[in-house]
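Numbering follows our numbering, with no gaps: position 192 of the sequence shown is 196. Reading through the C-alpha coordinates given below for one structure.
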Amino acid sequence: MQDHYDTIIIGAGPGGLACARELATTGCRVLVLEQKKTIGPKVCAGGITWDGLIRRVPEELIERSFRKQLVFSNLQRARVRSRTPMIATVNRETLGQWMARDARNAGATILTGIRVDAVGDHGIEARKDSRRLRFRCDHLVGADGATSLVRRTLDLPLERVGIGINYQIPGHHRDMEWHLNSHLFHCGYGWIFPHLETISVGAYVVRNKLAPSRLKAALIQWAASRGLDLHSHQARAALISFDYRGFQFDRTWLVGEAAGLTSGLTGEGIYPAIVSGEAVARRIIDPAYPAAEIAAIVRKQRRHQAIIHLATASDTLNFLLMELSIALLRMKLLDFKSLEMAE
(Lines of atoms letter the chains of each structure in order from A and count residues from 1; the text may use other names and numbers.)
(Lines give C-alpha, C1' and ligand atoms only; values in the text may rest on other atoms or scores of the structure.)
Protein backbone atom coordinates (compact mmCIF):
# COMPACT_ATOMS: atom_id res chain seq x y z
CA MET A 1 0.00 0.00 0.00
CA GLN A 2 1.45 3.36 -1.03
CA ASP A 3 0.37 6.76 0.28
CA HIS A 4 -0.54 9.13 -2.56
CA TYR A 5 -0.09 12.91 -2.45
CA ASP A 6 -0.73 15.73 -4.89
CA THR A 7 2.88 16.89 -4.38
CA ILE A 8 5.84 15.40 -2.56
CA ILE A 9 8.75 17.70 -1.72
CA ILE A 10 12.13 16.21 -0.88
CA GLY A 11 14.01 18.55 1.44
CA ALA A 12 12.72 20.80 4.25
CA GLY A 13 15.01 23.74 3.65
CA PRO A 14 13.66 27.25 2.95
CA GLY A 15 12.79 26.39 -0.67
CA GLY A 16 10.94 23.18 0.13
CA LEU A 17 9.03 24.69 3.05
CA ALA A 18 8.05 27.80 1.07
CA CYS A 19 6.76 25.56 -1.71
CA ALA A 20 4.86 23.37 0.76
CA ARG A 21 3.18 26.32 2.47
CA GLU A 22 2.13 27.88 -0.84
CA LEU A 23 0.64 24.61 -2.11
CA ALA A 24 -1.07 23.67 1.15
CA THR A 25 -2.87 27.02 1.40
CA THR A 26 -4.77 26.09 -1.79
CA GLY A 27 -5.85 22.73 -0.38
CA CYS A 28 -3.25 20.54 -2.10
CA ARG A 29 -2.25 17.38 -0.25
CA VAL A 30 1.45 18.00 0.34
CA LEU A 31 4.14 15.83 1.92
CA VAL A 32 7.64 17.05 2.78
CA LEU A 33 10.36 14.45 3.40
CA GLU A 34 13.44 15.60 5.31
CA GLN A 35 16.51 13.47 5.92
CA LYS A 36 17.62 15.27 9.08
CA LYS A 37 15.78 14.66 12.32
CA THR A 38 15.75 18.38 13.08
CA ILE A 39 14.61 20.97 10.56
CA GLY A 40 16.79 24.00 9.99
CA PRO A 41 20.50 23.36 10.72
CA LYS A 42 22.77 23.97 7.72
CA VAL A 43 26.21 25.37 6.95
CA CYS A 44 25.19 29.00 6.45
CA ALA A 45 26.41 32.46 7.46
CA GLY A 46 22.80 33.37 8.25
CA GLY A 47 22.76 36.68 6.40
CA ILE A 48 19.54 37.90 4.78
CA THR A 49 19.20 41.05 2.68
CA TRP A 50 16.74 43.91 3.10
CA ASP A 51 15.42 43.81 -0.47
CA GLY A 52 15.38 40.04 -0.30
CA LEU A 53 13.98 38.67 2.95
CA ILE A 54 14.24 40.92 6.00
CA ARG A 55 10.78 42.38 5.45
CA ARG A 56 9.29 38.88 5.07
CA VAL A 57 10.68 37.47 8.32
CA PRO A 58 9.09 38.13 11.72
CA GLU A 59 11.01 40.72 13.71
CA GLU A 60 11.61 38.29 16.56
CA LEU A 61 13.72 36.09 14.23
CA ILE A 62 16.20 38.89 13.50
CA GLU A 63 19.32 38.58 15.67
CA ARG A 64 21.29 41.60 14.42
CA SER A 65 20.64 44.14 11.63
CA PHE A 66 23.20 46.37 9.95
CA ARG A 67 22.92 49.71 8.20
CA LYS A 68 26.67 49.66 7.57
CA GLN A 69 28.89 47.19 5.73
CA LEU A 70 32.70 47.14 5.84
CA VAL A 71 34.24 45.81 2.64
CA PHE A 72 38.00 45.23 2.42
CA SER A 73 40.34 44.37 -0.44
CA ASN A 74 44.10 43.87 -0.42
CA LEU A 75 44.72 47.63 -0.61
CA GLN A 76 41.50 49.44 0.33
CA ARG A 77 38.52 49.62 2.64
CA ALA A 78 34.99 50.82 1.84
CA ARG A 79 32.36 51.74 4.41
CA VAL A 80 28.90 51.38 2.85
CA ARG A 81 25.97 52.97 4.68
CA SER A 82 22.20 52.94 4.23
CA ARG A 83 19.19 54.53 5.96
CA THR A 84 17.55 51.13 6.31
CA PRO A 85 19.16 47.82 7.33
CA MET A 86 21.09 46.35 4.42
CA ILE A 87 21.63 42.89 5.88
CA ALA A 88 20.42 41.12 9.00
CA THR A 89 21.49 37.85 10.58
CA VAL A 90 19.18 35.02 11.57
CA ASN A 91 19.73 31.64 13.16
CA ARG A 92 19.21 29.15 10.35
CA GLU A 93 17.62 26.56 12.64
CA THR A 94 15.21 29.12 14.10
CA LEU A 95 14.26 30.25 10.59
CA GLY A 96 13.67 26.66 9.50
CA GLN A 97 11.49 25.87 12.53
CA TRP A 98 9.39 28.99 11.91
CA MET A 99 8.91 28.10 8.23
CA ALA A 100 8.02 24.52 9.16
CA ARG A 101 5.33 25.70 11.58
CA ASP A 102 3.99 27.99 8.86
CA ALA A 103 3.81 25.11 6.37
CA ARG A 104 2.18 22.74 8.87
CA ASN A 105 -0.37 25.38 9.87
CA ALA A 106 -1.27 25.70 6.19
CA GLY A 107 -1.92 21.94 6.05
CA ALA A 108 1.35 20.39 4.83
CA THR A 109 2.62 17.11 6.31
CA ILE A 110 6.33 17.10 7.21
CA LEU A 111 8.20 13.90 8.06
CA THR A 112 11.75 14.09 9.42
CA GLY A 113 14.45 11.44 9.71
CA ILE A 114 13.46 10.08 6.29
CA ARG A 115 16.16 8.84 3.93
CA VAL A 116 14.96 8.79 0.31
CA ASP A 117 16.68 5.96 -1.56
CA ALA A 118 15.13 6.27 -5.01
CA VAL A 119 12.66 8.31 -7.04
CA GLY A 120 11.14 7.28 -10.33
CA ASP A 121 8.04 6.40 -12.29
CA HIS A 122 7.10 3.77 -9.74
CA GLY A 123 7.13 6.19 -6.84
CA ILE A 124 9.45 7.17 -4.03
CA GLU A 125 11.27 4.61 -1.94
CA ALA A 126 12.45 5.75 1.48
CA ARG A 127 13.48 4.54 4.91
CA LYS A 128 12.88 5.71 8.48
CA ASP A 129 15.32 3.83 10.67
CA SER A 130 14.81 0.20 9.54
CA ARG A 131 11.26 0.70 8.25
CA ARG A 132 10.69 0.80 4.47
CA LEU A 133 8.31 3.43 3.10
CA ARG A 134 6.82 3.99 -0.35
CA PHE A 135 4.94 7.02 -1.65
CA ARG A 136 3.36 8.14 -4.90
CA CYS A 137 2.54 11.63 -6.12
CA ASP A 138 1.34 13.68 -9.08
CA HIS A 139 4.21 16.18 -8.75
CA LEU A 140 7.69 15.72 -7.29
CA VAL A 141 9.75 18.73 -6.10
CA GLY A 142 13.46 18.43 -5.48
CA ALA A 143 14.47 20.85 -2.73
CA ASP A 144 17.29 18.65 -1.51
CA GLY A 145 20.30 20.92 -1.90
CA ALA A 146 23.42 21.04 -4.04
CA THR A 147 23.81 17.25 -4.23
CA SER A 148 20.12 16.73 -4.98
CA LEU A 149 18.99 13.13 -5.60
CA VAL A 150 16.09 14.45 -7.67
CA ARG A 151 18.50 16.43 -9.87
CA ARG A 152 20.72 13.38 -10.34
CA THR A 153 17.68 11.34 -11.33
CA LEU A 154 17.07 13.88 -14.10
CA ASP A 155 20.67 13.30 -15.34
CA LEU A 156 21.51 16.99 -15.02
CA PRO A 157 25.25 17.76 -14.76
CA LEU A 158 26.68 19.61 -11.77
CA GLU A 159 29.73 21.59 -12.85
CA ARG A 160 29.46 25.14 -11.47
CA VAL A 161 29.82 24.88 -7.71
CA GLY A 162 31.42 26.80 -4.87
CA ILE A 163 32.49 25.75 -1.42
CA GLY A 164 31.73 27.54 1.83
CA ILE A 165 33.40 26.91 5.19
CA ASN A 166 31.84 28.33 8.33
CA TYR A 167 32.74 28.53 12.01
CA GLN A 168 30.03 29.63 14.44
CA ILE A 169 31.95 30.82 17.47
CA PRO A 170 30.76 32.38 20.75
CA GLY A 171 31.37 36.09 21.15
CA HIS A 172 30.39 39.55 19.98
CA HIS A 173 31.56 41.65 17.06
CA ARG A 174 30.38 45.15 16.23
CA ASP A 175 30.52 45.27 12.42
CA MET A 176 29.58 43.07 9.50
CA GLU A 177 32.69 42.58 7.38
CA TRP A 178 33.49 41.28 3.89
CA HIS A 179 37.14 40.63 2.95
CA LEU A 180 38.06 40.32 -0.74
CA ASN A 181 41.60 39.09 -0.11
CA SER A 182 42.69 37.68 -3.47
CA HIS A 183 45.94 36.31 -2.01
CA LEU A 184 44.02 34.09 0.42
CA PHE A 185 40.57 33.56 -1.14
CA HIS A 186 41.27 34.12 -4.86
CA CYS A 187 37.95 35.27 -6.40
CA GLY A 188 36.05 34.50 -3.19
CA TYR A 189 35.91 36.29 0.14
CA GLY A 190 36.05 35.90 3.89
CA TRP A 191 33.27 37.14 6.14
CA ILE A 192 32.49 38.11 9.71
CA PHE A 193 28.74 38.13 10.38
CA PRO A 194 27.78 38.99 13.99
CA HIS A 195 24.79 37.16 15.48
CA LEU A 196 23.16 37.61 18.88
CA GLU A 197 25.61 35.64 21.03
CA THR A 198 27.84 34.17 18.32
CA ILE A 199 29.87 35.21 15.28
CA SER A 200 29.79 33.50 11.90
CA VAL A 201 33.34 33.48 10.52
CA GLY A 202 33.76 31.88 7.14
CA ALA A 203 34.97 31.93 3.56
CA TYR A 204 33.56 31.14 0.14
CA VAL A 205 35.19 30.51 -3.23
CA VAL A 206 34.45 28.84 -6.56
CA ARG A 207 35.57 25.24 -6.03
CA ASN A 208 37.88 24.89 -9.04
CA LYS A 209 40.00 27.86 -7.87
CA LEU A 210 40.87 26.66 -4.40
CA ALA A 211 40.84 23.22 -2.77
CA PRO A 212 38.80 22.93 0.44
CA SER A 213 41.91 22.21 2.53
CA ARG A 214 43.64 25.34 1.22
CA LEU A 215 40.51 27.42 1.76
CA LYS A 216 40.28 26.23 5.36
CA ALA A 217 43.95 27.00 6.01
CA ALA A 218 43.54 30.47 4.47
CA LEU A 219 40.43 31.09 6.57
CA ILE A 220 42.18 30.17 9.83
CA GLN A 221 45.17 32.37 8.93
CA TRP A 222 42.99 35.34 8.00
CA ALA A 223 40.72 35.00 11.06
CA ALA A 224 43.78 35.07 13.33
CA SER A 225 44.79 38.38 11.73
CA ARG A 226 41.36 39.71 12.79
CA GLY A 227 41.85 38.51 16.37
CA LEU A 228 39.67 35.42 15.99
CA ASP A 229 41.21 32.07 16.96
CA LEU A 230 39.41 29.23 15.18
CA HIS A 231 41.67 26.32 16.17
CA SER A 232 39.50 25.15 19.07
CA HIS A 233 36.26 25.35 17.09
CA GLN A 234 34.58 23.00 14.61
CA ALA A 235 34.52 23.90 10.94
CA ARG A 236 31.51 23.02 8.80
CA ALA A 237 31.72 22.95 5.01
CA ALA A 238 29.18 22.69 2.22
CA LEU A 239 28.99 22.69 -1.55
CA ILE A 240 27.03 25.54 -3.11
CA SER A 241 25.52 24.96 -6.54
CA PHE A 242 25.04 27.77 -9.06
CA ASP A 243 24.66 25.41 -12.04
CA TYR A 244 21.16 26.28 -13.22
CA ARG A 245 19.74 24.00 -15.96
CA GLY A 246 16.03 24.63 -15.57
CA PHE A 247 13.34 24.17 -12.94
CA GLN A 248 10.51 22.24 -14.65
CA PHE A 249 10.89 18.80 -16.14
CA ASP A 250 7.33 17.67 -16.89
CA ARG A 251 5.95 16.87 -13.39
CA THR A 252 9.33 16.95 -11.69
CA TRP A 253 10.55 20.29 -10.36
CA LEU A 254 13.69 21.76 -8.81
CA VAL A 255 13.97 24.71 -6.43
CA GLY A 256 16.78 26.53 -4.66
CA GLU A 257 20.19 24.88 -4.69
CA ALA A 258 18.78 21.71 -6.24
CA ALA A 259 18.01 23.88 -9.27
CA GLY A 260 21.38 25.64 -8.97
CA LEU A 261 19.80 29.02 -8.24
CA THR A 262 22.36 30.43 -5.79
CA SER A 263 24.78 33.24 -6.60
CA GLY A 264 28.13 31.96 -7.75
CA LEU A 265 29.63 35.33 -6.81
CA THR A 266 28.52 35.52 -3.16
CA GLY A 267 26.97 32.13 -2.41
CA GLU A 268 23.66 33.78 -1.43
CA GLY A 269 20.97 31.11 -1.48
CA ILE A 270 18.15 31.66 1.03
CA TYR A 271 16.33 34.29 -1.03
CA PRO A 272 16.49 32.35 -4.33
CA ALA A 273 15.35 29.20 -2.53
CA ILE A 274 12.23 30.77 -1.02
CA VAL A 275 11.27 32.70 -4.15
CA SER A 276 11.75 29.71 -6.45
CA GLY A 277 9.84 27.45 -4.04
CA GLU A 278 6.86 29.79 -4.09
CA ALA A 279 7.03 30.22 -7.87
CA VAL A 280 7.11 26.46 -8.49
CA ALA A 281 4.09 26.01 -6.23
CA ARG A 282 2.18 28.63 -8.21
CA ARG A 283 3.12 26.93 -11.50
CA ILE A 284 1.93 23.57 -10.15
CA ILE A 285 -1.38 25.16 -9.13
CA ASP A 286 -1.71 27.08 -12.41
CA PRO A 287 0.33 25.72 -15.36
CA ALA A 288 -0.07 29.09 -17.10
CA TYR A 289 1.73 30.93 -14.28
CA PRO A 290 4.83 32.56 -15.89
CA ALA A 291 7.22 32.17 -12.92
CA ALA A 292 8.79 35.53 -13.76
CA GLU A 293 10.46 35.53 -10.32
CA ILE A 294 12.72 32.66 -11.35
CA ALA A 295 13.58 34.37 -14.63
CA ALA A 296 14.65 37.46 -12.63
CA ILE A 297 16.87 35.33 -10.37
CA VAL A 298 18.47 33.69 -13.41
CA ARG A 299 19.20 37.10 -14.96
CA LYS A 300 20.93 38.26 -11.79
CA GLN A 301 22.80 34.97 -11.52
CA ARG A 302 24.09 35.32 -15.08
CA ARG A 303 25.40 38.81 -14.33
CA HIS A 304 27.21 37.41 -11.32
CA GLN A 305 28.50 34.55 -13.48
CA ALA A 306 29.97 37.04 -15.98
CA ILE A 307 31.99 38.62 -13.16
CA ILE A 308 33.20 35.18 -12.03
CA HIS A 309 34.29 34.40 -15.60
CA LEU A 310 36.44 37.53 -15.68
CA ALA A 311 37.82 37.02 -12.17
CA THR A 312 38.87 33.43 -12.86
CA ALA A 313 40.53 34.28 -16.19
CA SER A 314 43.78 35.38 -14.52
CA ASP A 315 45.12 36.28 -11.09
CA THR A 316 46.03 39.78 -12.26
CA LEU A 317 42.55 40.46 -13.64
CA ASN A 318 40.99 39.11 -10.45
CA PHE A 319 43.15 41.45 -8.34
CA LEU A 320 42.28 44.46 -10.50
CA LEU A 321 38.54 43.66 -10.45
CA MET A 322 38.51 43.50 -6.67
CA GLU A 323 40.37 46.78 -6.29
CA LEU A 324 38.13 48.46 -8.87
CA SER A 325 35.01 47.22 -7.05
CA ILE A 326 36.16 48.67 -3.74
CA ALA A 327 37.09 51.96 -5.39
CA LEU A 328 33.65 52.20 -7.01
CA LEU A 329 31.96 51.42 -3.69
CA ARG A 330 33.98 54.15 -1.98
CA MET A 331 33.00 56.65 -4.68
CA LYS A 332 29.35 55.49 -4.49
CA LEU A 333 29.42 54.57 -8.17
CA LEU A 334 28.67 50.92 -7.39
CA ASP A 335 25.55 50.00 -5.41
CA PHE A 336 26.18 47.34 -2.76
CA LYS A 337 22.73 45.96 -3.57
CA SER A 338 23.99 44.88 -7.00
CA LEU A 339 25.65 42.00 -5.15
CA GLU A 340 22.27 40.77 -3.89
CA MET A 341 20.14 38.20 -5.71
CA ALA A 342 16.97 40.28 -5.26
CA GLU A 343 16.11 42.59 -8.16
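In this text, a Cβ means the ideal position worked out from N, Cα and C, and glycines have one as well.
Residues of its chain near residue i, where Cβ-Cβ distance is below 8 Å and the 5 sequence neighbours each way are ignored
i: Leu269; result: His308, Gln309, Ile311, Ile312 and Leu343
i: Gln216; result: It is worth fixing the name first, because residue 216 is Pro in this sequence and not Gln. Counting only Cβ-Cβ distances below 8 Å, and skipping sequence neighbours, we find Ile167, Ile169 and Ala241.
i: Lys132; result: Leu115, Gly117, Ile118 and Arg119
i: Gln80; result: Glu327, Ile330, Ala331 and Arg334
Strand pairing of residue i, partner residues [DSSP]
i: Lys132; result: Arg135
i: Pro174; result: Thr202
i: His143; result: Thr11
i: Ala82; result: Val75
i: Trp257; result: Val145 and Gln252
i: His183; result: Phe76 and Gly194
i: Ile114; result: Val36
i: Ala241; result: Ile169
i: Gly124; result: Gly127
i: Val284; result: Answer is none; Val284 lacks a bridge partner.
For residue j and residue i, believed in contact at Cβ under 8 Å, the rounded distance
i: Leu333; j: Ala49; result: Incorrect: roughly 20 Å between the Cβ atoms, too far for contact.
i: Ala147; j: Gly44; result: With a Cβ gap of about 14 Å, Ala147 and Gly44 do not count as contacting.
i: Asn322; j: Asn185; result: Between Asn185 and Asn322 the Cβ distance is about 11 Å, and since that is not below 8 Å, they are no contact.
i: Ala107; j: Ala207; result: Incorrect: roughly 32 Å between the Cβ atoms, too far for contact.
i: Tyr9; j: Cys141; result: 5 Å
i: Thr256; j: Val120; result: Actually they do not touch by this definition, with Cβ atoms about 14 Å apart.
i: Leu325; j: Glu181; result: With 8 Å as the limit, Leu325 and Glu181 do not qualify as a contact, their Cβ atoms being about 20 Å apart.
i: Lys220; j: Thr316; result: Actually they are not in contact, since the Cβ atoms of Lys220 and Thr316 sit about 20 Å apart, beyond 8 Å.
i: Asn109; j: His199; result: Asn109 to His199, Cβ: 27 Å. No contact.
i: Ile288; j: His143; result: 5 Å
i: Glu347; j: Ala300; result: 5 Å
7 Å Cβ shell around residue i - same chain, five flanking residues per side excluded
i: Met5; result: With a pLDDT of 44 at Met5, under the threshold of 50, the modelled position of this residue cannot be trusted, and the question is left open.
i: Ser267; result: Phe246, Gln305, His308 and Met345
i: Ala104; result: Ala16, Leu21, Ile43 and Ile114
i: Ala263; result: Tyr248, Phe251 and Ser280
i: Val302; result: Tyr248
i: Phe340; result: Gln73, Val84, Met90 and Leu333
i: Ala227; result: Val205 and Leu234
i: Pro174; result: Glu201 and Thr202
i: His126; result: none
Chain-order list of residues whose beta-carbon lies under 6 Å from that of residue i (same chain, five-residue window excluded)
i: Leu27; result: Thr11, Val34 and Ala285
i: Ala122; result: Glu129
i: Thr157; result: Val123
i: Val165; result: Arg211, Leu243 and Ser245
i: Gln172; result: Thr202 and Ser204
Residue burial classification, residue i (beta-carbon count within 10 angstroms, cutoff 16)
i: Met335; result: exposed
i: Ala150; result: buried
i: Ser318; result: exposed
i: Leu223; result: buried
i: Glu64; result: exposed
i: Ala277; result: buried
i: Glu38; result: buried
i: Ala112; result: buried
i: Ala92; result: buried
i: Glu163; result: exposed
Closer than 8 Å: residue i CB and nearest the ligand SAH heavy atom
i: Leu35; result: No copy of the ligand SAH occurs in the structure displayed, which carries no ligand at all.
**Report entry** alpha helix (DSSP H) runs contained entirely in the stretch 8-75, provided each spans 4 or more residues
**Finding:** Listed in chain order, the complete alpha helix (DSSP H) runs (minimum 4 residues) inside the stretch 8-75 are 18-28.
**Report entry** Contained alpha helix (DSSP H) runs [length at least 4] in the stretch 189-233, N- to C-terminal order
**Finding:** 216-229
Query raised in the report: What residue ranges within the stretch 294-331 form continuous alpha helix (DSSP H) runs of no fewer than 4 residues, ordered along the chain?
Result: 296-315
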